[in-house]
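Take the sequence shown: its position 128, counted from the start at 1, is 128 in full-length UniProt numbering, and no numbers get skipped. Working notes, beginning with the structure itself.
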Amino acid sequence: MGALTLSNVTKSFGKTDVIKGVSLEVSEGEFCVFVGPSGCGKSTLLRMIAGLEDVTSGDVILDGARINDLAPAKREIAMVFQTYALYPHLTVRDNMGLALKQAGVARAEIIAATDKAAAMLSLQPLMDRRPAELSGGQRQRVAIGRAIVRRPKLFLFDEPLSNLDAALRVATRIEIARLHRELNATTIYVTHDQVEAMTLADKIVVLRAGLVEQVGRPMDLYNDPDNTFVAGFIGSPQMNFLKSGLLGLSSETVGIRPEHLTLHPGGGQIRGRVNHVERLGGETLVYVTTVQHGMLTVRMFGEHNYDVDADIGVDFDAAHLFHFDAAGKRLR
Ligand SMILES: Nc1ncnc2c1ncn2[C@@H]1O[C@H](COP(=O)(O)OP(=O)(O)O)[C@@H](O)[C@H]1O
Ligand SMILES: [Mg+2]
1 MGALTLSNVT KSFGKTDVIK GVSLEVSEGE FCVFVGPSGC GKSTLLRMIA
51 GLEDVTSGDV ILDGARINDL APAKREIAMV FQTYALYPHL TVRDNMGLAL
101 KQAGVARAEI IAATDKAAAM LSLQPLMDRR PAELSGGQRQ RVAIGRAIVR
151 RPKLFLFDEP LSNLDAALRV ATRIEIARLH RELNATTIYV THDQVEAMTL
201 ADKIVVLRAG LVEQVGRPMD LYNDPDNTFV AGFIGSPQMN FLKSGLLGLS
251 SETVGIRPEH LTLHPGGGQI RGRVNHVERL GGETLVYVTT VQHGMLTVRM
301 FGEHNYDVDA DIGVDFDAAH LFHFDAAGKR LR
């Protein structure tokens, strides 16, 4: 249950084409993450799957049935929003059980279902509170609980952790990963957070301006990107791009990840100047300004110290270079 197919789906708002033809398979039980820059159409695509936006053309197919014209409530799809969207006048239990109540489920059954979800999310002590009496993290757990209680075929999450502080984001991310293992429900999760995408996804879909750039497992996108966009988007700090001609190479552009550059004070293949040093404890990032290639980021394990404005050399290992043509397409 919960296999989703998008077949050449498009969406236009008036004359503006926002989704320009997306085809995609999400298989049963899969955790699929949509990433892409702000405004590329992630939320619109998710809302079309949920039925909150009409599809302009193409097919949305859930478990073999075309659901384009099915009302949202009939789709067996639950969506969790960034802003939680809880009813302020209802208790946690009533928020979580509302969809079941509206579907005419008996009270005893609603209590059993909400208790079970509450146990999974450690919400038991909070069941009689109202949303105003909860922290942001607790509210988001209630919103997740409300989705679980419906036992949907498909879970949709739209940047659910964006409003949480860093520590809570990590804790809730781990909780979502655990819930997915327990429920094994098909999930589509929108985020602009690199770490969430890399750690949660079975499959990442990279979107750009209403089109799919590449689909793949996180490490495949990291190690084998199809183009400069995906290469630059996946990975933080982002890949360095160098001018091939200046290095005596035949491609247009080469990319190399910050962890594959090394610093060489007296020598190095590329000379530059230390612009800035970020010491993060476990790792050190050194930003080097070069005349030929602009700013390069060098990432090193552990603590290192370099003087700002010092002359420095940067070395790269050719085995780690990615080659691209003039249009940004990867040359393999
Ligand atoms: N109801 C709407 N009417 C007109 N344009 C819209 C509407 N909703 C979204 N858009 C536009 O569609 C594009 C994609 O938006 P959205 O799906 O929210 O992007 P994302 O979630 O990737 O940041 C944006 O340019 C946005 O302005
Ligand atoms: Mg969005």
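Yeah, the Cβ is synthetic: ideal placement off N, Cα and C, and Gly gets one too.
Inclusion of Phe-13 in the 7 Å shell around ligand 1 follows from its C-beta lying nearer than that to a non-hydrogen atom of the ligand. A residue is called buried once 16 or more other Cβ atoms fall within 10 Å of its Cβ, and Thr-172 is buried on that count. The shortest C-alpha to C-alpha distance from Val-205 to any of Ser-250, Gly-268, Val-33 is the one to Val-33. With a threshold of 16 other beta carbon atoms within 10 Å, Gln-138 meets it and is buried. Restricting attention to beta strand (DSSP E) runs no shorter than 3 residues, the stretch 168-192 encloses them at 186-190, ordered along the chain. Excluding the 5 residues flanking it on each side, Asn-223 has no same chain C-beta neighbour closer than 7 Å.
Put simply, the backbone Cα of Leu-90 is about 17 Å away from that of Ala-103. For the pair Ser-251 and Phe-324, the CB atoms are nearer than the 8 Å cut-off.
Shown here, Glu-109 sits in a helix according to DSSP, grouped into three states.
When the beta-carbon positions are compared, Gly-145 and Leu-164 stay at least 8 Å from each other.
For secondary structure counted as the alpha helix (DSSP H) over 4 or more consecutive residues, the stretch 203-274 holds these complete runs in sequence order: 218-223, 228-233. Sorting Gly-294, Gly-97, Val-274, Gly-267 by C-alpha distance to the C-alpha of Gly-313 places Gly-267 at the top. Around the beta-carbon of Asp-307, fewer than 16 other beta-carbon atoms lie within 10 Å, marking it exposed. If the five residues before and after Phe-229 are omitted, its C-beta is found closer than 7 Å to the C-beta atoms of Arg-208, Glu-213, Gly-328, all from its own chain and listed in chain order. Asp-158 has its Cβ nearer than 7 Å to a heavy atom of ligand 2.
Per the C-alpha coordinates, the member of Pro-37, Val-22, Val-298 positioned closest to Arg-279 is Val-298.
When rounded, the separation of the alpha-carbon atoms in Val-215 and Leu-121 is 31 Å. Beta-bridge pairing by DSSP links Cys-32 to Ile-188, Lys-203.
Per DSSP, the beta-bridge partners of Phe-155 are Ala-78, Thr-187. DSSP places Val-142 within a helical segment (H, G or I) once states are collapsed to three.
Here His-293 carries a coil assignment [DSSP, helix/strand/coil]. Residue range 92-102 is occupied by the alpha helix (DSSP H) that includes Asn-95. For Ala-326, the closest C-alpha among the options Val-60, Lys-243, Ala-319 is that of Lys-243.
In this structure, DSSP gives Ser-43 a helical state, which the three-state scheme calls helix. The C-beta separation of Phe-322 from Ala-231 comes to about 6 Å, placing the pair in contact by the 8 Å criterion.
Counting every other CB atom within 10 Å of its CB across the protein chains shown gives Thr-83 a total below 16, marking it as exposed.
Taking non-hydrogen atoms of ligand 2 into account, the C-beta of Val-190 is found less than 7 Å away from one of them. In this structure, DSSP gives Lys-15 a state outside helix and strand, which the three-state scheme calls coil. With contacts defined as CB atoms closer than 8 Å, Asn-240 and Leu-261 qualify as a contacting pair. By a beta-carbon distance limit of 8 Å, Leu-46 contacts Val-190. Their separation comes to about 6 Å.
DSSP places Val-314 in the strand class (E or B) of the three-state scheme.
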